[in-house]
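Protein chains in written order, with our numbering: chain V, 132 to 293; chain R, 132 to 293.
2 protein chains.
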Amino acid sequence: MIAEARIRALRPSDHARVIAVIDQWWGGRPMARMLPRLFFDHFTDTSFAADRDDALTGFLVGFVSPARPGEAYIHFVGVHPGERSHGLGRRLYGTFFDVVRARGCTRVRAVTSPVNTGSVAFHRRMGFRLEPGDAEVGDIPVATGYDGPGQDRVRFVRDLRS
Amino acid sequence: MIAEARIRALRPSDHARVIAVIDQWWGGRPMARMLPRLFFDHFTDTSFAADRDDALTGFLVGFVSPARPGEAYIHFVGVHPGERSHGLGRRLYGTFFDVVRARGCTRVRAVTSPVNTGSVAFHRRMGFRLEPGDAEVGDIPVATGYDGPGQDRVRFVRDLRS
């Protein structure tokens, strides 16, 4: 039996470890640019890493929104391909929910790309609902150009009180 | 005489306006990827735009560090090329300093690329000192690989009490 990965606070030194593997974890998609060092320096109170035997198995970067009272935001989550479907994503999200709920948040938002159907399904399983968009891809509502020209996004929100 | 640009809180709707001009303001360098929508949704309490006659002339994205008590961080500042050397960058920084000082911050940090000698000179004029690095470019201390492989950074810190 394999020991469960240990979840702990993200550290600045995790930045290099994450950047070294993240594009590979995402099947070659260039994702490193979404994770500048600032997230690993300043959001370590609401961001987490999981490791087993000193090997990184997953991480989550999120924060309490300073401008939107009661709201938290999950920016990025990554799980080692060999660790998927074993509940680590669920544990990382659950850890984040607990921490931001204790700080008074009542809802969490997140976004993903419409091509990432696995992420849409995961967020639905985690209790998120899809926010309305101005277009649809299949039956998925999409906010076109939400993150810039051509950067459409599916937007999620979850009530933390339920 | 040209009216002074008006500084106001950044708004989510500024994202599209900034993304449309930012690479051009930076002389063709691809900077838009550094400004995902999240900064325009969640950090509007400590981020600012400047405009004159409804035209965007500059902006600053910054935040109070949730994980480092007393610290604030400036992520990005942009000024229209035709508006430079007229004090708008100084006014944007001054507005940020006042807001984060009122929220208990005693220091501000920022980083830039070693190639951006204009930014190094600007930060020095604004009262920042350069933090130690593990290498030097000219006489500038540089933290090699600070933002990932090949992504060296000059790091600045300013005491807000002086």
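Each residue gets a CB set at the ideal place from its N, CA and C atoms; glycine is no exception.
Annotation for V/Arg286: Val242, Glu262 and Ala274 place their beta carbon closer than 6 Å to its own, counting only its chain and skipping 5 residues before and after. Against V/Pro197, the close residues of chain R are His173, Phe174, Thr175, Asp176, Thr177, Phe194, Val195 and Pro197, in the order they occur along the chain (beta-carbon pairs closer than 9 Å).
Bounds of any alpha helix (DSSP H) do not take in R/Arg215, whose DSSP letter is neither H nor E. Interface with chain V (8 Å Cβ-Cβ cutoff): R/Met162 is excluded. V/Arg168 and R/Tyr277 do touch by the CB rule: their CB atoms are close to 6 Å apart, below 8 Å.
In the structure shown, the three-state DSSP call for R/Ala233 is helix.
Annotation: the stretch 133-171 of chain V contains the following complete segments of the beta strand (DSSP E) (minimum length 3 residues), in chain order: 137-140. Residue environment for V/Gly249: exposed (fewer than 16 other C-beta atoms within 10 angstroms of its C-beta). When the Cα atoms are used, R/Ile150 and R/Leu166 turn out to be separated by approximately 8 Å. For V/Val246, the three-state secondary structure derived from DSSP is coil. As computed with DSSP, V/Asp270 is found in no beta bridge at all. Rounded to whole angstroms, the separation of the alpha carbons of R/Gly264 and R/Pro200 is 23 Å.
Rounded to whole angstroms, the separation of the alpha carbons of V/Phe190 and V/Gly209 is 5 Å. Listed by position along chain R, the residues whose Cβ is nearer than 8 Å to that of V/Leu291 form an empty set, because the closest Cβ is around 16 Å away.
Cβ neighbours of V/Phe207 within its own chain (closer than 7 Å, five residues either side excluded): Met165, Leu166 and Val192. For the stretch 221-237 of chain R, the set of positions with a beta-carbon nearer than 8 Å to some beta-carbon of chain V is empty. For the pair R/Ile271 and R/Val246, the CB atoms are not nearer than the 8 Å cut-off. With a threshold of 8 Å between beta carbons, R/Pro263 makes no contact with chain V.
In this structure, R/Phe171 and R/Leu219 do not form a Cβ contact; the two beta carbons are roughly 19 Å apart against a cut-off of 8 Å.
Chain V places a beta carbon closer than 8 Å to that of R/Met165, counting this residue as a contact. Distance from the CA of V/Gly213 to the CA of V/Ile133, rounded to the nearest whole angstrom, comes to 12 Å.
For V/Arg286, the uninterrupted beta strand (DSSP E) segment begins and ends at Val285 to Asp290. Taking the Cα positions, V/Phe194 is about 22 Å away from R/Ala233. The beta carbon of R/Thr226 sits closer than 7 Å to the beta carbons of Ile138 and Phe179 from its chain, once the five residues preceding and following it are set aside; these are given in chain order.
Under the Cβ distance rule, V/Leu169 counts among the residues neighbouring chain R, one pair being separated by less than 8 Å. If you draw a straight line from the Cα of V/Asp184 to the Cα of R/Gly281, it comes to about 28 Å. The Cβ-Cβ distance between R/Met257 and R/Arg221 falls below 8 Å.
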